[in-house]
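UniProt numbering applies: residue 1 is where the sequence shown begins, and numbers increase by one.
First comes the structure, then the notes that go with it.
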Amino acid sequence: MTQPKLTSRQARWQELLSEFHFVLEYRAGSSNHVADALSRRADLASLGSVAALASSAVATSVRDRARELLARDSAAQGLVHLVEQGKARHFWLEEGLLMTKGNRLYVPKGGDLRKSLISECHDTLWAGHQGEERTYALVHRAYYWPQMRDDVETYVRTCLICQQDKADHQKKAGLLQTTSHPKETLGERLHGLHFRIA
């Protein structure tokens with residue numbers, strides 16, 4: 001390494017790698033398939049987009065559940081009436097489902113459909129427990145509901161796996177300092193007082 005001052009981690013790596021004889025060569029990303037496998041998430045890219053996910057068999061059951069919930073959600077029914085009257089510019093009906101800009105499915109309130117969609121975009125292997133913004137972006141590509149960002153933030157912040165694996169950025173507490181004799185700290189606190197304690 002040509003860096004003048006190494007961090008302790010870099011020094012450990014340098015010591016470990018010094019045991020081996022190797023030559024570093026540049027390899028273009030298009031020919032470096034091992035790096036692609038690790039960094040470009042081929043499993044996620046194979047989905048193409050959430051639109052491809054939306055057309056899968058899983059999405060068919062989501063659409064069926066959304067259709068059922070649409071009949072029970074009074075706010076969604078009000079929106080359906082506005083669409084039927086031609087007063088809702090950004091919504092339309094498609095196969096009995098409420099759709100919005102970007103060909104996204106409106107997910108009615110009720111049941112656990114919204115939570116399961118967030119879980120699909122956060123907890124699964126292809127999603128990889130991303131943060132709030134990335135999870136929201138995945139959900140937002142194919143679905144819509146009011147206060148969706150709040151629901152995603154709440155879900156991600158309360159995800160048990162994320163809480164367990166999250167790095168602790170708080171400074172570690174120091175060791176407990178013991179006193180040499182009883183009431184030493186009390187005497188130090190009272191030292192500056194200028195009146196008699198009886």
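For glycine and all other residues, C-beta sits at the position ideal for the given N, C-alpha and C.
Residues bridged to residue 239 [DSSP beta-bridge criterion]: Limits of the chain in this structure are 1 at one end and 198 at the other, which puts residue 239 out of reach.
Give a yes or no on whether the C-beta atoms belonging to F91 and L79 are separated by under 8 Å. What you label residue 91 is simply residue 91 of the sequence shown in a count that begins at 1. What you label residue 79 is simply residue 79 of the sequence shown in a count that begins at 1. Contact flag set, yes.
How is R27 classed by DSSP in three states: helix, strand or coil? For the purposes of this step, residue 27 is taken as residue 27 along the sequence shown, with counting starting at 1. In this structure, R27 counts as coil in the three-state DSSP scheme.
Looking only at its chain, what residues have a beta carbon closer than 7 Å to the beta carbon of T100, apart from the 5 residues adjacent to it on each side? Working through the sequence shown from its first residue, we reach residue 100 at position 100. Excluding residues within five positions, the ones whose Cβ falls inside 7 Å are H90, F91, Y106 and Y144.
Would you tell me roughly how many angstroms separate the C-alpha atoms of G48 and Q10, rounded to the nearest one? Looking up residue 48 in the sequence shown gives position 48. Looking up residue 10 in the sequence shown gives position 10. At G48 the pLDDT is 48, less than 50, meaning the model places this residue with poor confidence; the figure from the coordinates comes in the next sentence. A straight line joining the alpha-carbon of G48 with that of Q10 spans about 38 Å.
Inspect the CB distances between the segment 106-119 and the segment 135-153 and report whether three or more fall short of 8 Å. yes
Note the first and the last residue of the continuous alpha helix (DSSP H) segment covering L117. As a first step, residue 117 is located in the sequence shown; it is residue number 117 there, counting from the start. Run containing L117: L113 to H122, per the alpha helix (DSSP H) assignment.
First through last residue of the alpha helix (DSSP H) which encompasses L16: Within the sequence shown, the letter at position 16 stands for residue 16. Counting along the chain, the alpha helix (DSSP H) containing L16 begins and ends at S8 to L17.
Helix, strand or coil: which one does DSSP assign to L105? For the purposes of this step, residue 105 is identified with residue 105 of the sequence shown, where counting begins at 1. Three-state DSSP puts L105 in a strand.
Tell me, which residues are paired with Y136 by DSSP? Here the question's residue 136 lines up with position 136 in the sequence shown. According to DSSP, which records beta bridges pairwise, Y136 is partnered with nothing at all.
Under a Cβ-count criterion, where at least 16 other Cβ atoms within 10 Å of its own Cβ denotes burial, should H21 be classed as buried or exposed? Taking the first residue of the sequence shown as position 1, residue 21 is located at position 21. With fewer than 16 Cβ atoms within 10 Å of its Cβ, H21 is classed as exposed.
With a threshold of 7 Å on Cβ separation, who are the neighbours of L6 within its own chain once the five nearest residues in sequence on each side are excluded? The count along the sequence shown starts at 1 and reaches residue 6 at position 6. These residues qualify, in order along the chain: Q14.
Cα separation between A51 and L24? Along the sequence shown, one-based indexing puts residue 51 at 51. Along the sequence shown, one-based indexing puts residue 24 at 24. Note that A51 has pLDDT 44, beneath the 50 cutoff, so the model's placement of it is unreliable and the number below is only indicative. Each residue's alpha carbon lies about 41 Å from the other.
Environment of Y136 [buried if 16+ CB atoms lie within 10 Å]: Counted from its first residue, the sequence shown places residue 136 at position 136. Counting Cβ neighbours within 10 Å, Y136 comes out buried, since at least 16 surround it.
Could you tell me whether the Cβ atoms of L97 and L70 are closer together than 8 Å? As a first step, residue 97 must be located in the sequence shown, where it is residue number 97. As a first step, residue 70 must be located in the sequence shown, where it is residue number 70. Contact: yes.
Please return the same chain residues whose Cβ sits closer than 8 Å to the Cβ of V139, not counting the five positions on each side in sequence. On the sequence shown, position 139 is the one that residue 139 refers to. If we look at V139 and ignore the five residues flanking it on each side, its Cβ neighbours are L117, I118, C121, M148 and V152.
A76, enclosing alpha helix (DSSP H) - first and last residue: Translated into the one-based positions of the sequence shown, residue 76 becomes position 76. Where A76 is concerned, the enclosing alpha helix (DSSP H) stretches over S74 to E84.
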